[in-house]
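Presented below is the structure to which this report refers.
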Amino acid sequence: MGIWASMFGNKPRVWRSVNDIENAVTLKLAQRGPAAMRGSVQIAAIDDQPFSPAQNLRNHGYNIDYFNDVGSLDAVQKYGIILCDLQGVGSNFNADLQGAHLIREMKRRYPEKYIIAYTGSAKNTVMARLAQQNADAFIKKDADIQNWIEALDAAIAIVGNPVAMWKLFRKRMLDDGMTLIQVAELEDTFVDNFWKGSASIDRGIAERSSNIGINADVRAIIQGFIASLIFKAVMGA
Amino acid sequence: MSILHLLSYPWYLFDGRGVNLSEGGGSIFDLPRGADSDSQIAYYSTLQAGWHLCPMGYAVYARKIDGYAEKYGIDGTLVLPGLKIKGGTRINEKVSGPYLLSDKSLVVRYIDNFLANFSDLGASFDERTRQNVHEIRGLNAGIYHAAFELEERLDGLNKAIAGNITALTQVLAGRIDFIDFLNDPDTLESDLGEIFVFKKFDRMQRCFKPTAIKKFVSISLTGKSHGSIFGPRRLLDLASYLMLDNAVKYAPANSAVSVNVTEGEGFIEASVESIGPKIADDEVGSIFERGVRGRFATASGTPGSGVGLYALKKLVEDAYAGTVSVRVIEAAAPHGGVPHARVAFVARFPRAVV
């Protein structure tokens, strides 16, 4: 158990951290196995052509919704994993860079989402480079089913792990200017309520963030993140 | 054929050591008599970029060309000899054929425009190639997934046929990767990760089985390796494709292709052994150079571009810090009058540090 002495007051405060629960979470996820987690993560596939792997992947337990394009970034809010073609999509956002630009914008808006560039070929090297800089992974359109399973299971192992996701979000909070103490307070609350379920985490975070001076807009972002976490795989059905 | 053959002026191309790589007569203008003598060519091979006056009294323009080597095979010093330039030539004799008394700035502008247009054409061709690759991959994916779904639903011979289709789509995917790699090697270098070499070669030899069976060629996989390497995942698919494609393509009927993957202290080694057109002793050192095909491979009549082994060596060395070599094992019976031999192509990769 990590113990930090409080900077204020005489009694040392015991701070909870995700490190305290990480092993237990990892064990629970390993016991369930990757195949059992597949259905718990929603996946969006964005491709101007019909998404040919869809049926085979659903047969393997993946939960996939198909879009031939997206008009706004709100359309992908509820998805933990996004497969995005490089060409023929995202022209509303940038006609030259298309899918590569869309990937960058989705990553900026939703840094914790796992985005896989699903590609036949890039239209030009600028598009390819942009996708390389922003996507979390790549898969060829004509990859075999085993490659698809490996890529998606690797993504689900991250997105379906609330501790891994909290660590990504923690970094984002610090990069966005929250103080170390504020982040530590939120993490303490997160861990304290973790095994009680997402509703308890949500209430605890809302209360604590209000007490430590986090404004309403940032609170909404934090609570949106908590709502997106997948606890089912850890807590069971 | 080099794009330089479109130049209006006669030309020579020398590498950094002064070796004559290629030459061409101009599409409009001829070389003056004597300007192509051995002594003149030896003079041209020493020139640095800029304007010169040759021993015969003609102006010579030399221009360093770089940045075109990987894609278009042009790299070195371009020399335009035998030019009559206002104030820059000592020659008074008449020359045969079309004749132009030019000045330096026009010649330089001509070469600038030629290279710029060539570059633009190349970029335009590249973009069209990428678009075609994109479309073909999409179609290939459609065929693969339809055949895979069918394979899951069928039994017996029909299941096997559906399985052959999925295998062939993966061979096609490998071919498309090859086109992608030649077009832009860097774009396949994304997606770094741990790679199990045995698994990759196992998958690729299964994909080639339908093609091999049609030729009455058997493929087998031996060896043992649980280790991994680190690098671009997609490029190892391409490496295994190139090694197997080369072997199966040249294998005569009723022969065997043997794939072996083993590991040792700090390395994993994949070899593909097969019978194919003999590699002559004087060719073993150059077989991995771009554009080089063994003379017996050419004589066999099997089509080839001399790029596959070059690409294999390049990607193994650049992406994985590995090595590629060829070992001629023993002579084999000739086929179609062409000498054959059993050879092994070997790719060795440094193991990932765990």
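Sequences listed follow chains A and B, in order. Heads up: the first sequence at position 43 corresponds to 43 in this note's numbering, and the numbers run straight through without jumps. Add 1000 to the 1-based position in the second sequence for this note's numbering, that's all there is to it. Beta carbons are placed, not taken as given, at the ideal position from N, Cα and C, and that holds for glycine. Bear in mind that the values here come from a model prediction, so they are computed numbers and not experimental data.
List the endpoints of the continuous beta strand (DSSP E) containing residue i.
{"i": "aspartate 85 of chain A", "result": "81-85"}
{"i": "tyrosine 1012 of chain B", "result": "1011-1014"}
{"i": "leucine 1244 of chain B", "result": "Careful: leucine 1244 of chain B lies outside any beta strand (DSSP E), inside the alpha helix (DSSP H) at 1233-1250."}
{"i": "valine 1338 of chain B", "result": "1338-1350"}
{"i": "glutamine 42 of chain A", "result": "42-46"}
{"i": "leucine 1006 of chain B", "result": "No beta strand (DSSP E) holds leucine 1006 of chain B; DSSP gives it neither H nor E."}
{"i": "glutamate 1269 of chain B", "result": "1267-1277"}
{"i": "aspartate 65 of chain A", "result": "63-67"}
{"i": "isoleucine 139 of chain A", "result": "137-140"}
{"i": "asparagine 1020 of chain B", "result": "1020-1024"}
Just reading off the alpha helix (DSSP H) that residue i is part of, what are its end residues?
{"i": "glutamate 105 of chain A", "result": "98-109"}
{"i": "tyrosine 118 of chain A", "result": "Here tyrosine 118 of chain A belongs to no alpha helix (DSSP H); instead the beta strand (DSSP E) covers 114-119."}
{"i": "glutamate 150 of chain A", "result": "145-159"}
{"i": "threonine 1357 of chain B", "result": "As shown, chain B starts at 1001 and ends at 1354. That puts residue 1357 of chain B outside it, with no answer to give."}
{"i": "alanine 227 of chain A", "result": "216-228"}
{"i": "isoleucine 1143 of chain B", "result": "1104-1153"}
{"i": "tyrosine 1310 of chain B", "result": "1308-1320"}
{"i": "tyrosine 1043 of chain B", "result": "1038-1044"}
{"i": "proline 162 of chain A", "result": "162-175"}
{"i": "glutamate 22 of chain A", "result": "19-32"}
{"i": "valine 1197 of chain B", "result": "1197-1214"}
{"i": "threonine 1298 of chain B", "result": "1295-1299"}
{"i": "glutamate 1263 of chain B", "result": "Not the alpha helix (DSSP H): glutamate 1263 of chain B falls in the beta strand (DSSP E), residues 1256-1264."}
{"i": "glycine 204 of chain A", "result": "198-211"}
Is the Cβ of residue i closer than 8 Å to any Cβ of chain B?
{"i": "glutamine 182 of chain A", "result": "no"}
{"i": "lysine 140 of chain A", "result": "yes"}
{"i": "serine 121 of chain A", "result": "yes"}
{"i": "methionine 106 of chain A", "result": "no"}
{"i": "alanine 137 of chain A", "result": "yes"}
{"i": "glutamine 42 of chain A", "result": "no"}
Count the other CB atoms, across all protein chains shown, that sit within 10 Å of the CB of residue i; report buried if there are 16 or more and exposed otherwise.
{"i": "glutamate 1330 of chain B", "result": "exposed"}
{"i": "valine 1353 of chain B", "result": "exposed"}
{"i": "isoleucine 1213 of chain B", "result": "exposed"}
{"i": "phenylalanine 1216 of chain B", "result": "exposed"}
{"i": "tyrosine 79 of chain A", "result": "buried"}
{"i": "histidine 1226 of chain B", "result": "exposed"}
{"i": "histidine 1005 of chain B", "result": "exposed"}
{"i": "serine 1240 of chain B", "result": "buried"}
{"i": "tyrosine 66 of chain A", "result": "exposed"}
{"i": "arginine 208 of chain A", "result": "buried"}
{"i": "alanine 1341 of chain B", "result": "buried"}
{"i": "glycine 90 of chain A", "result": "buried"}
{"i": "arginine 1128 of chain B", "result": "exposed"}
{"i": "serine 121 of chain A", "result": "buried"}
{"i": "aspartate 1180 of chain B", "result": "buried"}
{"i": "asparagine 1158 of chain B", "result": "exposed"}
{"i": "leucine 180 of chain A", "result": "exposed"}
Determine whether the Cβ of residue i lies closer than 8 Å to any Cβ atom of chain A.
{"i": "glutamate 1330 of chain B", "result": "no"}
{"i": "isoleucine 1161 of chain B", "result": "no"}
{"i": "threonine 1089 of chain B", "result": "no"}
{"i": "glutamine 1170 of chain B", "result": "yes"}
{"i": "valine 1133 of chain B", "result": "yes"}
{"i": "arginine 1033 of chain B", "result": "no"}
{"i": "aspartate 1191 of chain B", "result": "yes"}
{"i": "alanine 1247 of chain B", "result": "no"}
{"i": "arginine 1234 of chain B", "result": "yes"}
On the premise that residue j lies in contact with residue i, defined as a C-beta separation below 8 Å, what is that separation, rounded to the nearest angstrom?
{"i": "alanine 1062 of chain B", "j": "leucine 1047 of chain B", "result": "4 Å"}
{"i": "alanine 1311 of chain B", "j": "phenylalanine 1178 of chain B", "result": "7 Å"}
{"i": "valine 1259 of chain B", "j": "isoleucine 1229 of chain B", "result": "About 17 Å; that fails the 8 Å criterion."}
{"i": "alanine 1299 of chain B", "j": "valine 1346 of chain B", "result": "Alanine 1299 of chain B to valine 1346 of chain B, Cβ: 25 Å. No contact."}
{"i": "serine 1274 of chain B", "j": "serine 1305 of chain B", "result": "Going by Cβ atoms, the distance from serine 1274 of chain B to serine 1305 of chain B rounds to 19 Å, so no, they are not a contact pair."}
{"i": "leucine 1244 of chain B", "j": "valine 1272 of chain B", "result": "6 Å"}
{"i": "valine 1197 of chain B", "j": "leucine 1172 of chain B", "result": "About 22 Å; that fails the 8 Å criterion."}
Note down, in chain order, every chain B residue with its Cβ under 7 Å from the Cβ of residue i.
{"i": "asparagine 56 of chain A", "result": "His1145, Phe1148 and Glu1149"}
{"i": "aspartate 192 of chain A", "result": "Ordered by position in chain B, no residue passes the 7 Å Cβ test against aspartate 192 of chain A, which lies about 36 Å from the chain."}
{"i": "glutamine 98 of chain A", "result": "Correct list: empty, because the minimum Cβ distance to chain B is about 11 Å."}
Could you tell me which chain B residues have their CB closer than 9 Å to the CB of residue i, listed as they occur along the chain?
{"i": "isoleucine 115 of chain A", "result": "Those within 9 Å of isoleucine 115 of chain A in chain B number zero; the least Cβ separation is about 13 Å."}
{"i": "isoleucine 145 of chain A", "result": "Tyr1144, His1145, Phe1148 and Thr1166"}
Below 8 Å on C-beta distance, what does residue i contact in chain A?
{"i": "arginine 1327 of chain B", "result": "Within chain A, no residue comes near arginine 1327 of chain B; the closest Cβ sits about 31 Å away, beyond 8 Å."}
{"i": "aspartate 1180 of chain B", "result": "Ser121"}
Can you pull the chain B residues whose beta carbon is under 8 Å from the beta carbon of residue i, in chain order?
{"i": "proline 53 of chain A", "result": "Ala1141 and His1145"}
{"i": "glutamine 87 of chain A", "result": "Gln1131 and His1134"}
List the residues of chain A that residue i touches, going by C-beta distances under 7 Å, in chain order.
{"i": "alanine 1173 of chain B", "result": "Lys140 and Asp142"}
{"i": "glycine 1138 of chain B", "result": "Gln49, Gly120 and Lys141"}
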